[in-house]
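> Take a look at the following structure, please.
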Amino acid sequence: MSGPARLLTIVDAEFALDGGSMMGVVPRALWQKQHPPDARNRIPLVSRFAVVDDPGAGRLWLLDCGLGRDWSPKQLDLYDIRPRGADARALLRDAGFDPDSVTDVVLTHLHFDHAGGLAKRDAAGKLTLAFPAARHHVQASHLAWARSPTAKDAGSFRADHVALLEASGRVNPVDGSASLGGAVAVRALRGHTPGLQLPLVEADGGPYLFLADLVPVWSHLRLPWIMAYDNEPLVTLEEKRALLEEAASRGWVLISEHDPSEAMKTLERATGDIKRAGHGSNAK
Ligand SMILES: [Zn+2]
4 MSGPARLLTI
14 VDAEFALDGG
24 SMMGVVPRAL
34 WQKQHPPDAR
44 NRIPLVSRFA
54 VVDDPGAGRL
64 WLLDCGLGRD
74 WSPKQLDLYD
84 IRPRGADARA
94 LLRDAGFDPD
104 SVTDVVLTHL
114 HFDHAGGLAK
124 RDAAGKLTLA
134 FPAARHHVQA
144 SHLAWARSPT
154 AKDAGSFRAD
164 HVALLEASGR
174 VNPVDGSASL
184 GGAVAVRALR
194 GHTPGLQLPL
204 VEADGGPYLF
214 LADLVPVWSH
224 LRLPWIMAYD
234 NEPLVTLEEK
244 RALLEEAASR
254 GWVLISEHDP
264 SEAMKTLERA
274 TGDIKRAGHG
284 SNAK
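Mapping the sequence shown onto the working numbering, position 167 (from 1) lands on 170, and the numbers just tick up by one.
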């Protein structure tokens, strides 16, 4: 059956990261009301991926693939990971899709909370691709970075998952902003990490921009709210300014990967919500 592409979002897991790391230079006094931290100063997040059913192109896309389930008890505790359902394959089945018909996985980048779901353990405990038939689209510059990250960001990568992906022969290295065919194109950025790519999807009710870690939760729509994880925060600032201007003028629907509240908002709606929440003098 052909027709316009259709996009939906699925939450793979709830988790939590240090509130200070998430909000960068913004004081806790300004973010704690909207993001109440737990006793270990972690704020609630979700790992959300999107599915794009693209019958016109005969493709079934995933935009990122969740945290996955390949985590030790220590890691589950550190990041307060609480999975929903058995795994992304089971969540897809629940949503009416055959996980074996996923043709394309667009990885915005390889930080574990976006790409952990690319790997799973087989019955013998061996690490394998969760979607072995799919092409995995990653920026070539990001793959090179992930192979040898700096001491600052090495903790955001699973070296074993990166090695598995590289050895699989299922990688499409993407060079900059590009169309990936069908309903999906990507915009390449570099402030958060070299070769972050944001999917832009032509689908029913869209176009949709998948924000990944340019705007991890809606609060980050404020220009100075930039994560301490970012390698080049001033580049992020300019990338965010430019892309949000474009989103406003083109009426894109924005998708948040980590906000526990709503998955999708127009910029107009999101900005209105932020104004109503209020955040003192540092809020822009
Ligand atoms: Zn990231």
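Cβ coordinates follow ideal geometry from the N, Cα and C atoms, glycine included.
Using only the alpha-carbon positions, how far apart do L132 and L113 sit?
Sequence index remark: in the sequence shown, residue 132 carries index 129 (1-based). Sequence index remark: in the sequence shown, residue 113 carries index 110 (1-based). L132 and L113 have their C-alpha atoms roughly 14 Å apart.
> What residue range does the beta strand (DSSP E) around R62 cover?
Numbered from 1 along the sequence shown, position 59 holds the residue referred to as residue 62. From DSSP, the beta strand (DSSP E) with R62 extends over 62-66.
> Please report the distance separating the alpha-carbon of G120 from that of V105.
Position 117 of the sequence shown, counted from the start, is the residue given in the question as residue 120. Position 102 of the sequence shown, counted from the start, is the residue given in the question as residue 105. Approximately 13 Å, taken between the alpha carbons.
> Run through the DSSP bridge pairs and tell me what Q78 is partnered with.
If you number the sequence shown from 1, residue 78 lands on position 75. DSSP, once it has assigned bridges, lists no residue as partnering Q78.
> Collect the residues with a C-beta less than 5 Å away from any heavy atom of ligand 1 and give them in sequence order along the chain.
H114, D216
> What whole-angstrom Cβ distance do A215 and V204 have, given they're in contact under 8 Å?
Position 212 of the sequence shown, counted from the first residue, corresponds to residue 215. Position 201 of the sequence shown, counted from the first residue, corresponds to residue 204. About 13 Å separates the two Cβ atoms, so there is no contact after all.
> Here's a check: name, in chain order, each residue in its chain whose Cβ is nearer than 6 Å to the Cβ of E198, leaving out the five neighbours to either side.
For this step, residue 198 is matched to residue 195 along the sequence shown. Correcting the residue type first, residue 198 is Gly in the shown sequence and not Glu. Only Q142, S144, H145 meet the Cβ criterion.
> Bridge partners for D233 per DSSP, in chain order?
By 1-based counting over the sequence shown, the position of residue 233 is 230. D233 pairs with nothing; no bridge assigned.
> Taking DSSP as the reference, what is the three-state secondary structure of N285?
Reading the sequence shown from its first residue, position 282 is the one you call residue 285. For N285, the pLDDT reaches just 43, beneath the cut-off of 50, and the residue's location in the model is therefore unreliable, although a value from the coordinates is still provided. Reduced to three states, the DSSP call for N285 is helix.
> Go ahead and pull the three-state DSSP assignment for A154.
The count along the sequence shown starts at 1 and reaches residue 154 at position 151. Looking at A154 - three-state DSSP - the assignment turns out to be coil, as it is neither helix nor strand.
> Report yes if the CB atom of D67 is closer than 7 Å to the CB atom of A19, and no otherwise.
Taking the first residue of the sequence shown as 1, we reach residue 67 at position 64. Taking the first residue of the sequence shown as 1, we reach residue 19 at position 16. At a Cβ-Cβ threshold of 7 Å, D67 and A19 do not count as neighbours.
> State the Cα-Cα distance for the pair R124 and L130, rounded to the nearest angstrom.
Position 121 of the sequence shown, counted from the start, is the residue given in the question as residue 124. Position 127 of the sequence shown, counted from the start, is the residue given in the question as residue 130. Their Cα atoms are separated by approximately 5 Å.
> Name the residue from L11, M26, A32 whose alpha carbon lies nearest to the alpha carbon of V54.
Taking the sequence shown and counting its residues from 1, one reaches residue 54 at position 51. For V54, the nearest C-alpha among the options comes from L11.
> Would you kindly report the start and end of the unbroken beta strand (DSSP E) that includes D56?
Stepping through the sequence shown from its first residue, residue 56 is reached at position 53. Start and end: 45-57.
> Can you tell me whether DSSP reads H38 as helix, strand or coil?
To locate residue 38, count along the sequence shown from 1; it is residue 35. Three-state DSSP puts H38 in coil, outside helix and strand.
> So I258 is in the beta strand (DSSP E); what residue range does that whole segment cover?
The residue given as residue 258 occupies position 255 in the sequence shown. Note, I258: beta strand (DSSP E), 256-258.
> What span of residues does the beta strand (DSSP E) with T269 cover, start to end?
The sequence position of residue 269 within the sequence shown is 266, counting from 1. First-last of the beta strand (DSSP E) with T269: 267-269.
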